[in-house]
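Participant: In the numbering used here, the protein residues as written are 9 to 223. Before I ask anything, let me first share the structure, which is written out below as structure tokens.
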């Protein structure tokens, strides 16, 4: 997939609100291109998690159109969406969606067993780089939020993608760990020639952004 285009998209929840005139996304025509890095800055309650859910196809409660290489995403079948999420779209959810009772290693294998994308050695190197290699056999529910965020981040790298969506990826991280994840993400995106879309309500993931939009 080479591009994602939003054509006058607006969440249904905002339908009765005044038109968001300062938004660079809602009710605009906006295109995200493979290989480009975009930061979407947003105040709380302006729809950043909704945007990620719309792009990932997990929600469709919006007006307007979202096009993948010119194809309206609403026309895609369940099988086509499954293929997209396995090969073209990766998402780091704001609420992480980890399995508390599973260990760090098991949570990551849930994704990697489906994709067969990373070798065990590559996963070990990612855990080491993220500073959580010593937690591999620890149940995720016993980790801090910052550690959980790093686990979810590594998990979303365990697949091929043309675009990776990260919803507030450093909300529970200090500056040093944010820098570590920035480096890992940039290396993976460059390897795959992928586009990056990051949402933020404050702390930024530091990347060489091509575009900075206000939601």
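Quick reminder that beta carbons are idealized off the backbone N, C-alpha and C, glycines included.
Kindly give me the distance between the Cβ atoms of residue 190 and residue 163, rounded to whole angstroms, as I take these residues to be in contact under 8 Å.
Facilitator: The residue labelled residue 190 in the question sits at position 182 within the chain shown. The residue labelled residue 163 in the question sits at position 155 within the chain shown. Between residue 190 and residue 163 a beta carbon distance of about 17 Å is seen, past the 8 Å cut, so the two are scored as non-contacting.
Participant: In the DSSP output, which residue or residues are listed as bridge partners for residue 15?
Facilitator: What you label residue 15 is simply residue 7 of the chain shown in a count that begins at 1. BP columns for residue 15 point to 37, 73.
Participant: Between which residues of its own chain and residue 61 is the CB-CB distance below 6 Å, once the five residues before and five after are set aside?
Facilitator: Position 53 of the chain shown, counted from the start, is the residue given in the question as residue 61. Residues 67 of the same chain have their beta carbon placed closer than 6 Å to that of residue 61, with the five preceding and five following residues left out of the count.
Participant: Helix, strand or coil for residue 114 per DSSP?
Facilitator: Locating residue 114 in the chain shown gives position 106, counting from the first residue. Collapsing the DSSP output to three states places residue 114 in a helix.
Participant: State whether the stretch 105-115 contacts the stretch 133-152, with contact taken as three or more CB pairs (one from each stretch) at a distance under 8 Å.
Facilitator: yes
Participant: Exposed or buried, what is residue 86 when buried is set at 16 or more other beta-carbons lying within 10 Å of its beta-carbon?
Facilitator: Residue numbering aside, residue 86 sits at position 78 when the chain shown is read from its first letter. When all chains shown are included, residue 86 counts as exposed.
Participant: Please list the terminal residues of the continuous alpha helix (DSSP H) segment that includes residue 153.
Facilitator: As a working note, residue 153 is residue 145 in the chain shown. Looking at the DSSP string, the run of the alpha helix (DSSP H) that includes residue 153 is 153-164.
Participant: Where does residue 171 fall in DSSP's three states?
Facilitator: Residue 171 sits at position 163 when you count from the first residue of the chain shown. Strand, per DSSP.
Participant: Rounded to the nearest angstrom, what separates residue 101 and residue 205 at their Cα positions?
Facilitator: The count along the chain shown starts at 1 and reaches residue 101 at position 93. The count along the chain shown starts at 1 and reaches residue 205 at position 197. Spanning the two alpha carbons is a distance of roughly 12 Å.
Participant: Could you tell me which residues DSSP puts in a beta bridge with residue 98?
Facilitator: The residue labelled residue 98 in the question sits at position 90 within the chain shown. Beta-bridge pairing links residue 98 to 172.
Participant: Would you identify the three-state DSSP class for residue 188, choosing helix, strand or coil?
Facilitator: Counting from one through the chain shown, the residue named residue 188 turns up at place 180. For residue 188, the secondary structure class from DSSP, reduced to helix, strand or coil, is helix.
Participant: Whole alpha helix (DSSP H) runs in the stretch 37-67 with 4 or more residues, listed along the chain?
Facilitator: 56-64
Participant: Using only alpha-carbon positions, find the residue among 130, 200, 173, 185 that is nearest to residue 156.
Facilitator: As a first step, residue 156 must be located in the chain shown, where it is residue number 148. It is 185.
Participant: Closest to residue 44 by C-alpha separation, out of 179, 170, 187, would be which residue?
Facilitator: In the chain shown, residue 44 corresponds to position 36, counting from 1. Per the Cα distances, 170.
Participant: Please classify residue 207 as buried or exposed, where buried requires at least 16 other C-beta atoms within 10 Å of its C-beta.
Facilitator: As a position in the chain shown, residue 207 is number 199, starting the count at 1. Classification of residue 207: buried, given that the 10 Å Cβ count is 16 or more.
Participant: For residue 39, which of 55, 10, 23, 24 has the nearest alpha-carbon?
Facilitator: Indexing the chain shown from 1 puts residue 39 at position 31. That would be 10, whose Cα lies nearest to the Cα of residue 39.
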